[in-house]
Amino acid sequence: MKLSSISLKLIKAPLKRPFKTHLGTVSDREVIIVEAMDEDGLIGYGEAVPFTSPWYTEETTKTCFHMLEDFLIPLTLASQIRHPDELPNLWGGIRRNAMAKSALEQAILDLYAKQKGVYLGRLFGGERREVAAGVVIASNDIEDAMRQIEDFSGSGYQRYKIKINPQNDLEFLAEILRAYPDIPLMADANSAYTLDDIPHLQKLDDFKLMMIEQPLGHDDIVEHSFLQKQLQTPICLDESINSFHDAKSALWLQSCGVINIKMAKVGGWMEAVRIHDLCLGNDVPVWCGGMIEFGISRAHNIALATLKGFTIPGDISSSSRYWDGDIIDPEVIVENGVIQVPDKAGIGFAINEKRLKELTTYSKLYK
Ligand code: OSB
Ligand code: MG
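Be aware that the sequence shown starts at 5, since it is given in my numbering, and climbs by one per residue.
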């Protein structure tokens, strides 16, 4: 494939409302937009979605920029790859740094799909014409959380995920289910519990949640296996799954009933698809996780969620859930709980150049 230059843009915007978990609060979001250009003027887009501090993964905006600028981009521009599937091998000597790799891989794959004139999801066998939308409520105040659920219900979201911890879980879940007994509800703990909390976690079984996401340590697979055997509620692993190998270990040990696949966290499309295929072959449902992202990452997620194994609504919500003005055109819209899958080439969404420019704080071109 032809690849002539790559650019990086830092963009920054405030969230409409702060995103609060027991680990901290996100009020502003800064990400890196990667553009991969060919000589015919086609541009592929990727989005690196770490946070500015390492509270969720070890990568940060700065480590991603560094990895892209000093390692991944020079290596890629020097090598004239014929096909994107050469990238894992080309980058094999660079350990981890999944979010940096994912963003550059996204941009190159978007460019490749545009060169071929095919929608990116189709390139990986995705057939869905619409994807189910889910939304995340991250608040430390139950009144506020209830208001958000009320607001979001107008869009018909097919799954609500509430952030919990051992201090608020029983109250939050009871209050939500009292007001909305039939709501498709799950909870995300972001590692707020330990094995000492088993009796407490067993109380949560009464709520018949769709699943509980990442109750134990962010780097654990073994203890989750022990816990899953003591719970009726399926465990979904998020933080623990950073690679195909992690997913294989989790299935082997029966550490979970569901896997949250975050393309960015596992290093990109190709690793995400390998995990998807593994889960599909083992009848383990998967869903597409979110990173409080802008439209480019959102568009890649939509394309990924068109694959067969994504049978549970993920964290894919409308652009307006987080932003007053997204960087894609049209924005992602949720109506009656679904997002229509585009059929244009690549990620299928155009870039809102004006908005992208407004949000850009720094940019650099590499040839
Ligand atoms: O744990 O799933 C998580 C966002 C940032 C970091 C971690 C998580 C999340 C989410 C997804 O819950 C939120 C979204 O993108 O809508
Ligand atoms: Mg999570």
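For each residue, glycine too, the CB sits at the ideal point set by N, CA and C. Computed from a predicted model, the values in this text were never measured in an experiment.
Identified DSSP bridge partners for residue i
| i | result |
| --- | --- |
| Met41 | Ser9 and Ile47 |
| Gln344 | Glu134 |
| Cys292 | Ile265 |
| Ser367 | Lys13 |
| Glu217 | Asp192 and Cys240 |
| Pro334 | Answer by DSSP bridge pairing: none, since Pro334 is not bridged. |
| Phe55 | Thr64 |
| Lys32 | Checking the displayed sequence, the identity of residue 32 turns out to be Asp instead of Lys. In the DSSP output, where bridge partners are listed per residue, Asp32 has Pro18. |
| Glu339 | Val342 |
| Thr25 | Gly28 |
| Ile180 | BP columns for Ile180 are empty, so no partner. |
| Tyr164 | Val139 and Leu189 |
| Phe314 | Val290 |
| Gly350 | Tyr123 |
Residue i: CB within 6 Å of a non-hydrogen atom of ligand 1
| i | result |
| --- | --- |
| Asn194 | yes |
| Val140 | yes |
| Gly295 | Looking at the sequence itself, residue 295 is Met, so the reference to Gly does not match. Yes - ligand 1 has a heavy atom lying nearer than 6 Å to the Cβ of Met295. |
| Tyr60 | yes |
| Asp200 | no |
| Asp223 | no |
| Asp250 | no |
| Asp328 | no |
| Asp319 | yes |
Distance cut-off 6 Å: residue i Cβ against heavy atoms of ligand 2
| i | result |
| --- | --- |
| Glu217 | yes |
| Asp242 | yes |
C-beta contact flag for residue i and residue j at 7 Å
| i | j | result |
| --- | --- | --- |
| Cys292 | Ile320 | yes |
| Val38 | Leu108 | yes |
| Ile187 | Tyr164 | yes |
| Ser253 | Val270 | no |
| Pro88 | Tyr116 | yes |
| Glu217 | Asp250 | no |
| Asn172 | Ala196 | no |
| Ala104 | Met71 | yes |
| Met215 | Met190 | yes |
| Met267 | Leu231 | no |
| Asp347 | Tyr123 | yes |
| Ile141 | Ile166 | yes |
| Ile296 | Arg21 | no |
| Glu243 | His222 | yes |
| Asp42 | Ile351 | no |
Neighbour-count burial assignment, residue i, 16 or more Cβ in a 10 Å radius
| i | result |
| --- | --- |
| Glu154 | exposed |
| Cys371 | Reading the sequence as shown, one finds Lys at residue 371 and not Cys. It counts as exposed. |
| Asn305 | buried |
| Ser8 | exposed |
| Asn340 | exposed |
| Ile332 | buried |
| His204 | exposed |
| Lys118 | buried |
| Gln152 | buried |
| Pairing CB atoms from the region 359-370 with CB atoms from the region 125-140, are three or more of them under 8 Å? | Verdict: no, contact absent.
| field | Contact the region 38-53 vs the region 82-96: 3+ CB pairs below 8 Å | value | no
| Are the region 143-150 and the region 314-331 touching, with three or more C-beta to C-beta distances below 8 Å? | Touching, no, given that fewer than three Cβ pairs across the two stretches are closer than 8 Å.
| task | For the region 283-297 and the region 259-267, state whether three or more C-beta atom pairs, one from each stretch, are separated by less than 8 Å. | result | At 8 Å Cβ cutoff, the stretches touch.
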